[in-house]
Amino acid sequence: MKQTLILCAITLVSVGCASGINKDEYNKLVMEAENEIKLANKTGFLWTSTEKSLTESKEAMEAATAATDKTTRESEYNKAMKLAKKALSEAKLAQQQAKDNANPAVHF
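Here this note's numbering is used: the first residue of the sequence shown is 3, the next is one more, and so on.
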């Protein structure tokens, strides 16, 4: 009986302490997005919304970190991840656009 109660207590404490925010995953994603943005900027095809999405992502992550309730924290974290993924995707697409426009082919 004691073992069961101890196990339940440990489980509740670990679940209660989980913040739902994975800062390492977010930081890795942002670093990758920033690198891809630099490459896209060198090609001259960086989209105008890409850096804005990354900035909004960082603001959402700050809000998630500062949030006191779990719902807001998770909502802002999810928003931050979504915007960072969008920025990464746009940067990669801008690079692909530069490659496609480097040697245009005329099709009749």
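Glycine included, every Cβ here is placed at the ideal spot set by N, Cα and C.
Note that the structure is predicted; figures quoted are calculated from it, not measured.
Tell me where the alpha helix (DSSP H) around Asp-26 begins and ends.
As a first step, residue 26 must be located in the sequence shown, where it is residue number 24. Counting along the chain, the alpha helix (DSSP H) containing Asp-26 begins and ends at 25-45.
Cβ atoms of Ile-39 and Ala-82: under 8 Å apart, would you say?
Position 80 of the sequence shown holds residue 82. Position 37 of the sequence shown holds residue 39. Cβ distance not < 8 Å, so Ala-82 and Ile-39 don't count as in contact.
Please list, in chain order, all residues of the same chain as Leu-31 whose beta carbon is under 8 Å from its beta carbon, the five residues on each side excluded.
Position 29 of the sequence shown, counted from the first residue, corresponds to residue 31. Cβ within range, chain order: Met-83, Ala-86, Lys-87 and Leu-90.
Under the three-state reduction of DSSP, which class applies to Leu-56: helix, strand or coil?
Mapped onto the sequence shown, residue 56 falls at position 54. DSSP places Leu-56 in helix when its eight states are reduced to three.
Grab me the residues of Lys-60's own chain with a C-beta within less than 6 Å of its C-beta, minus the 5 sequence neighbours each way, in chain order.
For the purposes of this step, residue 60 is taken as residue 58 along the sequence shown, with counting starting at 1. Cβ within range, chain order: n/a, list empty.
I'd like the span of the alpha helix (DSSP H) that includes Ser-91, first residue to last.
Looking up residue 91 in the sequence shown gives position 89. Note, Ser-91: alpha helix (DSSP H), 72-104.
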